[in-house]
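Below is one structure, written out as structure tokens, with a few remarks after it.
2 protein chains.
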Amino acid sequence: MNRLYHYPLSPFSRKVRLSLAEKRIEVELVEERYWERDADFLRRNPAGKVPVLKMNNRVMADSTAICEYLEETHPTPALLPKDAETRYEVRRLVAWFDDKFNEEVTTKLMGERVFRKVMGTGYPDSANVKAGAKAIKYHLDYMAWLLDQRRWLAGNDMTLADFAAAAHLSCLDYVSDVDWNRSEIVKDWYAKIKSRPAFRSILADQISGFPQPGHYADLDF
Amino acid sequence: MNRLYHYPLSPFSRKVRLSLAEKRIEVELVEERYWERDADFLRRNPAGKVPVLKMNNRVMADSTAICEYLEETHPTPALLPKDAETRYEVRRLVAWFDDKFNEEVTTKLMGERVFRKVMGTGYPDSANVKAGAKAIKYHLDYMAWLLDQRRWLAGNDMTLADFAAAAHLSCLDYVSDVDWNRSEIVKDWYAKIKSRPAFRSILADQISGFPQPGHYADLDF
Numbered sequence: 001m002n003r004l005y006h007y008p009l010s011p012f013s014r015k016v017r018l019s020l021a022e023k024r025i026e027v028e029l030v031e032e033r034y035w036e037r038d039a040d041f042l043r044r045n046p047a048g049k050v051p052v053l054k055m056n057n058r059v060m061a062d063s064t065a066i067c068e069y070l071e072e073t074h075p076t077p078a079l080l081p082k083d084a085e086t087r088y089e090v091r092r093l094v095a096w097f098d099d100k101f102n103e104e105v106t107t108k109l110m111g112e113r114v115f116r117k118v119m120g121t122g123y124p125d126s127a128n129v130k131a132g133a134k135a136i137k138y139h140l141d142y143m144a145w146l147l148d149q150r151r152w153l154a155g156n157d158m159t160l161a162d163f164a165a166a167a168h169l170s171c172l173d174y175v176s177d178v179d180w181n182r183s184e185i186v187k188d189w190y191a192k193i194k195s196r197p198a199f200r201s202i203l204a205d206q207i208s209g210f211p212q213p214g215h216y217a218d219l220d221f
Numbered sequence: 001m002n003r004l005y006h007y008p009l010s011p012f013s014r015k016v017r018l019s020l021a022e023k024r025i026e027v028e029l030v031e032e033r034y035w036e037r038d039a040d041f042l043r044r045n046p047a048g049k050v051p052v053l054k055m056n057n058r059v060m061a062d063s064t065a066i067c068e069y070l071e072e073t074h075p076t077p078a079l080l081p082k083d084a085e086t087r088y089e090v091r092r093l094v095a096w097f098d099d100k101f102n103e104e105v106t107t108k109l110m111g112e113r114v115f116r117k118v119m120g121t122g123y124p125d126s127a128n129v130k131a132g133a134k135a136i137k138y139h140l141d142y143m144a145w146l147l148d149q150r151r152w153l154a155g156n157d158m159t160l161a162d163f164a165a166a167a168h169l170s171c172l173d174y175v176s177d178v179d180w181n182r183s184e185i186v187k188d189w190y191a192k193i194k195s196r197p198a199f200r201s202i203l204a205d206q207i208s209g210f211p212q213p214g215h216y217a218d219l220d221f
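Chains as they are written, first to last, in full-length UniProt numbering: chain A, 1 to 221; chain B, 1 to 221.
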């Protein structure tokens with residue numbers, strides 16, 4: 001049985017979960033409190049991060065490398081388009097969310113509000129929370145600008161770029177940090193991706209100490 | 001003419017420079033002091049980072065997305081192997097150096113010793129320098145362990161993984177932060193990659209305020 005070591009509010013784990021589900025690859029989910037640096041876990045991934053995928057007796061780490069591998073070994077349905085230009089655009093946007101958005105928004109909001117409590121590293125730093133709350137507006141506006149010209153973030157088909165964005169936004173939405181009223185077009189995009197069967201397991205996530213808010217799993221949010 | 005906006009001591013720029021040179025794609029190098037957030041530059045890349053490649057009237061950002069694009073549009077010589085398993089390993093290692101090594105070593109050493117001076121953001125934080133100097137040992141040992149089983153970092157052929165690693169290490173070597181005596185096998189690997197024609201432009205780099213040390217461009221270091 002394939003196995004994914006993950007943490008429910010890790011956007012990198014969620015990106016891989018969405019990829020696996022969209023490609024109908026069954027995995028057993030194993031929750032990993034990766035910051036406790038358990039020796040077995042570090043043996044599986046010396047980088048000490050989630051997700052880690054165990055598949056066909058291989059142990060794989062790094063969400064982007066995993067998604068590229070899944071794309072090459074399970075090409076249908078495709079999450080990367082065929083032409084090099086759009087493939088570039090997908091990869092640029094995946095990096096946009098996993099690097100820039102993660103640094104400016106996810107670690108600022110989730111990092112302070114959730115991970116400090118879960119990991120026991122003290123109280124949230126309000127300057128970080130404020131900076132994250134400010135930065136997410138600019139990112140939502142950038143998404144609105146992209147979606148005004150395209151059906152999905154990287155073009156007219158749904159790709160890994162949409163999964164990367166939805167992975168971060170769904171984590172933030174779990175702690176009610178996304179103002180969906182800011183942009184109709186971004187809200188419509190999220191409603192579309194949220195209603196896909198691949199999203200079901202993510203909408204069912206429950207994190208102890210953080211009750212799921214009512215709108216989180218609601219398709220008509 | 002193709003144009004690469006770069007900064008000489010940016011490992012992400014160097015990875016792309018190595019890729020372009022290995023594939024014999026000619027580019028004009030334009031030094032970009034990206035932290036000054038010049039309006040023209042931000043228009044080219046709203047992420048505000050180097051490298052940015054202007055090629056065939058397209059403007060591209062994110063070093064990993066650029067390298068994948070170059071691989072798809074200029075497949076010879078190949079910097080990604082053919083089989084999905086080794087491709088995964090290359091991508092995992094590129095992420096290892098660009099994420100983990102960068103965070104634990106490059107930003108700690110280069111960030112404090114060089115960028116603070118260049119950007120004018122104060123004196124080096126000695127705790128960071130100490131942490132970086134400690135972490136690089138562990139990374140060099142990891143490379144030695146990999147190279148003990150393989151000719152190059154990801155397998156028996158030179159790949160993007162070697163370029164990612166060499167990009168970081170060559171930046172650190174410019175400020176004499178690499179102890180090449182720690183591992184014979186890692187030193188041999190660096191000597192091999194350093195003597196490639198693709199490396200020449202990197203060995204010719206001069207950074208104002210930081211004279212090039214004697215061993216830096218020496219193939220017999």
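Ideal Cβ positions, reconstructed from N, Cα and C, are used throughout, including at glycine.
Below 8 Å between beta carbons is the criterion; list the residues of the UniProt domain "GST N-terminal" (1 to 78) of chain B that meet it against any residue of chain A, in chain order.
-> The residues in question are P46, A47, R58, M60, A61, D62, T64, A65, I66, E68, Y69, E72 and T73.
Compare the Cα-Cα distances from A61 of chain A to each of B:T64, B:W96, B:R44 and B:A47 and report the closest residue.
-> The shortest CA-to-CA distance from A61 of chain A to any of B:T64, B:W96, B:R44 and B:A47 is the one to B:W96.
So which residues of chain A does K100 of chain B contact, with C-beta pairs closer than 7 Å?
-> What K100 of chain B touches in chain A: A47.
Considering only the beta carbon of each residue, do I193 of chain B and A166 of chain B sit closer than 7 Å?
-> In this structure, A166 of chain B lies closer than 7 Å to I193 of chain B by Cβ.
Alpha carbon to alpha carbon, how far is S13 of chain A from A161 of chain A? Give it in angstroms, no decimals.
-> For A161 of chain A and S13 of chain A, the distance between alpha carbons rounds to 15 Å.
In the DSSP assignment, find the alpha helix (DSSP H) that holds K192 of chain B and state where it starts and stops.
-> Secondary structure note for K192 of chain B: its alpha helix (DSSP H) is the uninterrupted segment E184 to K194.
For G120 of chain A, count neighbouring C-beta atoms within 10 Å of its own C-beta (all shown protein chains included) and say buried if the count is 16 or more, exposed if not.
-> So G120 of chain A counts as exposed.
Do you know how far the Cα of A21 of chain B is from the Cα of V27 of chain B?
-> In a straight line, the C-alpha of V27 of chain B is about 9 Å away from that of A21 of chain B.
Rank B:E71, B:L79, B:E85 and B:D179 by C-alpha distance to the C-alpha of F221 of chain B and give the top, closest one.
-> Looking at the Cα atoms, B:D179 is the closest of the given residues.
Straight-line CA distance for V118 of chain A to W35 of chain A?
-> C-alpha separation (whole angstroms): 10 Å.
For the alpha helix (DSSP H) that K82 of chain A lies in, which residues bound it at each end?
-> Looking at the DSSP string, K82 of chain A is not in any alpha helix (DSSP H), and its letter there is neither H nor E.
Could you spell out where the beta strand (DSSP E) holding Y5 of chain B opens and where it closes?
-> Run containing Y5 of chain B: R3 to H6, per the beta strand (DSSP E) assignment.
Beta-carbon neighbours of A95 of chain B, restricted to chain A and to distances below 7 Å | Within chain A, the residues near A95 of chain B are D62, T64 and A65.
P51 of chain B and H6 of chain B: beta carbons closer than 7 Å?
-> With contacts defined as CB atoms closer than 7 Å, P51 of chain B and H6 of chain B qualify as a contacting pair.
Should V90 of chain B be labelled buried (16 or more other beta-carbon atoms within 10 Å of its own) or exposed?
-> Buried is the call here.
Please report the Cβ distance between L147 of chain B and G132 of chain B, rounded to the nearest whole angstrom; I am assuming they are in contact, meaning their Cβ atoms lie under 8 Å.
-> Wrong, their Cβ atoms sit about 22 Å apart, outside the cutoff.
Residue range of the unbroken alpha helix (DSSP H) whose run includes K130 of chain B = K130 of chain B -> alpha helix (DSSP H) spans S126 to L147.
Does the beta-carbon of E68 of chain A have 16 or more other beta-carbons within 10 angstroms, so that it is buried, or is it exposed?
-> So E68 of chain A ends up on the buried side.
I202 of chain B - DSSP class collapsed to helix/strand/coil = Helix.
Would you call the CB atoms of V159 of chain B and L79 of chain B closer than 7 Å?
-> The residue you asked about is not Val; residue 159 of chain B is Thr in the sequence shown. Going by C-beta atoms, T159 of chain B is nearer than 7 Å to L79 of chain B.
For K15 of chain A, I'd like the list of residues in its chain whose CB is within less than 7 Å of its CB, leaving aside the five on either flank, ordered along the chain.
-> Leaving aside the five residues that flank K15 of chain A on each side, the residues in its chain whose CB is nearer than 7 Å to its CB run, in chain order, S63, C67, F163, A164 and A167.
Identify the contact partners of residue 241 of chain A in chain B, using a Cβ-Cβ distance below 8 Å as the criterion.
-> Since the first and last residues shown for chain A are 1 and 221, residue 241 of chain A lies out of range.
Contacts around L203 of chain B, its chain only, beta-carbon distance under 6 Å, and the 5 residues preceding and following it disregarded | Only residues of its own chain outside the window of five on either side were considered, and among them A217 have a CB closer than 6 Å to the CB of L203 of chain B, listed in chain order.
Tell me, please, whether the CB atom of A161 of chain A is closer than 7 Å to any CB atom in chain B?
-> No, its Cβ sits nowhere closer than 7 Å to a Cβ of chain B.
Taking buried to mean at least 16 other C-beta atoms within 10 Å of its own C-beta, is A198 of chain B buried or exposed?
-> Classification for A198 of chain B: buried.
Delimiting residues of the beta strand (DSSP E) encompassing K100 of chain B | If you look at K100 of chain B, you'll find it isn't in any beta strand (DSSP E); DSSP assigns it neither H nor E.
Which two residues bound the contiguous alpha helix (DSSP H) that contains R43 of chain A?
-> Annotation: the continuous alpha helix (DSSP H) that includes R43 of chain A extends over A39 to R44.
Using DSSP with H/G/I as helix, E/B as strand and the rest coil, what is M158 of chain A?
-> Reduced to three states, the DSSP call for M158 of chain A is coil.
Which stretch, first to last residue, makes up the beta strand (DSSP E) that contains R116 of chain A?
-> Per DSSP, R116 of chain A belongs to no beta strand (DSSP E); it is in the alpha helix (DSSP H), R116 to M119.
Neighbourhood of L153 of chain B by C-beta distance below 8 Å, restricted to the same chain and skipping five residues each side = Counting only Cβ-Cβ distances below 8 Å, and skipping sequence neighbours, we find L93, M143, L146, L147, T159, A161, D162, A165 and W189.
Quick one: what's A61 of chain A bridged to in DSSP?
-> Paired residue(s): A:V52.
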